[in-house]
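Visitor:
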Amino acid sequence: MAIELDRFLAERARHLKASEIRELLKLTERPGMISLAGGLPNPAAFPVEIVKECIDKVFEKDIDKALQYGTTEGLTPLRATLAERMCEKYGFECDQNNVLVTSGAQQALFLTGLVFLDPGDVYMSIPPVYLGAIQAFHTVEGRFEAIPRIGMEVDLDGARKKLDRMKGEGRYPKFIYTVPTFQNPSGETMPLSERKELLDIAKEYDLIIIEDDPYGEIRFDGDHVPCIKALDDEDRVIFMSTFSKILAPGFRLGWVVAQRDTLRKYILAKQSVDLCTNVFSQFVANEYIAGGYLDRHITSIQVLYKKKRDVMVKALEDFMPEGITWNSPEGGMFFWLRLPECVNTRELFDKAIEKNVAYVVGDAFYPDNDNFCSMRLNYSYATDENIREGIKRLAEAIAEEM
Ligand code: PMP
Ligand code: G9A
33 MAIELDRFLA ERARHLKASE IRELLKLTER PGMISLAGGL PNPAAFPVEI
83 VKECIDKVFE KDIDKALQYG TTEGLTPLRA TLAERMCEKY GFECDQNNVL
133 VTSGAQQALF LTGLVFLDPG DVYMSIPPVY LGAIQAFHTV EGRFEAIPRI
183 GMEVDLDGAR KKLDRMKGEG RYPKFIYTVP TFQNPSGETM PLSERKELLD
233 IAKEYDLIII EDDPYGEIRF DGDHVPCIKA LDDEDRVIFM STFSKILAPG
283 FRLGWVVAQR DTLRKYILAK QSVDLCTNVF SQFVANEYIA GGYLDRHITS
333 IQVLYKKKRD VMVKALEDFM PEGITWNSPE GGMFFWLRLP ECVNTRELFD
383 KAIEKNVAYV VGDAFYPDND NFCSMRLNYS YATDENIREG IKRLAEAIAE
433 EM
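Count along the sequence shown from 1, add 32, and you get the number used in the working numbering.
1) Of all the alpha helix (DSSP H) runs that stay within the bounds of the region 47-124, which reach a length of 4 or more residues?
2) What whole-angstrom Cβ distance do Ala-168 and Leu-141 have, given they're in contact under 8 Å?
3) If we ignore side chains and look at the alpha-carbon of each, how far apart do Asn-318 and Ala-115 end up?
4) Report all residues for which the CB-ligand distance to some heavy atom of ligand 1 is below 5 Å; order them along the chain.
5) Please look up how many angstroms separate the CB atoms of Ile-53 and Val-392, rounded, as I've assumed it's under 8 Å.
6) Quick one, which of Gly-145, His-170, Leu-41 has its alpha-carbon nearest Lys-49's?
7) How would you label Leu-409, buried or exposed, when you count the other beta carbons within 10 angstroms and need 16 or more for buried?
8) Ala-20 by DSSP, collapsed to three states: which one?
9) What residue from Gln-215, Phe-366, Ala-178, Asn-129 has the CA that sits closest to Glu-105's CA?
10) What is the DSSP secondary structure of Ser-218, counted as helix, strand or coil?
11) Determine the extent of the alpha helix (DSSP H) in which Asp-402 is found, giving its start and end residues.
12) Taking Ile-208 and Met-156 to be in contact with their CB atoms under 8 Å, please state how far apart those CB atoms are, rounded to whole angstroms.
13) Please go through the region 176-209 and give each complete alpha helix (DSSP H) segment of 4 or more residues, from N-terminal end onward.
14) Touch check for the region 253-264 and the region 90-108: three-plus C-beta pairs under 8 Å?
15) Buried or exposed, going by whether 16 or more other CB atoms sit within 10 Å of the CB of Ala-347?
16) Taking Ser-452 as the reference, which of Ser-304, Phe-397, Lys-387 has the closest Cα?
17) Any heavy atom of ligand 2 inside 6 Å of the beta-carbon of Ile-182?
18) To the nearest angstrom, report how far apart Phe-283 and Glu-85 are at their CA atoms.
19) Have a look at Pro-159, Val-80, Glu-36 and flag the residue whose alpha-carbon is nearest the alpha-carbon of Trp-368.
20) Count the other CB atoms within 10 Å of the CB of Leu-484; is the residue buried (16 or more) or exposed (fewer)?
21) Reducing DSSP to helix, strand and coil, say where Ile-270 ends up.
22) For Phe-366 and Gly-219, which I take to be in contact (beta-carbon distance under 8 Å), what is that distance rounded to the nearest angstrom?
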């Protein structure tokens, strides 16, 4: 008989929690299910033919290197191209020595936890918080403290008061984690004034800001808002982004931008995680950007997602009962629905699954308190017909519950 291995587990492993989004992915594979759950890009937004051409080029020019181990830092021409792009499009100064290529932005988050959080160390964020970040920081036993809100407004004065109180208690946070543009899950974009104030707070209280920006380039309405890193004159902001939403998540390519000493710590941490990021993917992505395809492709994603956003707005307007509110995002991939307190979205979930429609329950994004009357809806993945049908089914489930 096999022995029971439980007693050998590290404390850390005992407390590992499954990501609800990852678990939901399995459920949404069921035939007939309309998934408005996972934040998946639309397959129609994958530049299949061009990727094929880029792969052919890698085979012609670089295949020996592309199949070999690479440096932990990442492919030098890719880092240089990314640095150039950050300067041009994101408006902050950096060069290739400030860029580390990671296995997705998810790894950048995990490395952030490894580099900055000892067990019990505190990080702050404005809830709702990206689930993958909660999971990454939880794995290294970081502790969450919320930056408060009043209603839906971020309460930055409240944040100062809280920081003063925490300082008195000797629980000083290491960093503030934020997704300021088209946030996952809320779809919100932080206005420029709030970005400046958040940076002021980080200066006053000597904190780092971790700025996670996977969606910033997928803007199809409204005006560009500069990223916090572009306002930073002290190298206080560590910036991360990903190819997942602008090329394809299957490449598993992301990047971190930080000052060299900090980046060195990320590199050393990464060495023990995976030695280096997928080298073949890096060569293909580098060909892709060098060929000038990326910007054109991002424009086509913006056009596609704007249309899908409109389909979802129309369906919500047509089918949702009174009392349900939502934002209409100017980019990114998510709607955030607020429901009356009588509807518990966790209890509603089974009913929705019976009707073959899936969403992510809002409380999954609240690490320290439960918010049972909200949900996240993704509009990038489903077909237009399924968005409409999915919202119709969901509205029926909500109406029955109300
Ligand atoms: N950060 C945020 C805010 C995300 O939404 C995601 C996933 N979509 C990630 C990081 C991780 O992305 P990836 O690992 O695919 O680059
Ligand atoms: O759904 C999201 O928030 C992004 C995707 C995450 C995942 O696939 O785990």
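We treat Cβ as the ideally placed atom computed from N, Cα and C, and that holds for glycine. Since the model is a prediction, treat every value here as computed from it, not as a measurement.
Guide: The relevant details are as follows:
1) 52-59, 80-93, 95-98, 108-117
2) 4 Å
3) 13 Å
4) Gly-71, Gly-136, Ala-137, Gln-138, Tyr-162, Val-211, Asn-216, Asp-244, Pro-246, Thr-274, Ser-276, Pro-281, Gly-286
5) 6 Å
6) His-170
7) buried
8) Lying before the first or after the last residue shown, residue 20 is absent from the chain, which here runs from 33 to 434.
9) Asn-129
10) coil
11) Looking at the DSSP string, Asp-402 is not in any alpha helix (DSSP H), and its letter there is neither H nor E.
12) 5 Å
13) 188-200
14) no
15) buried
16) Because the chain in this structure spans residues 33 to 434, residue 452 falls outside the shown range and cannot be described.
17) no
18) 15 Å
19) Pro-159
20) The chain is shown only over 33 to 434; residue 484 falls outside these bounds and no answer can be derived.
21) strand
22) 4 Å
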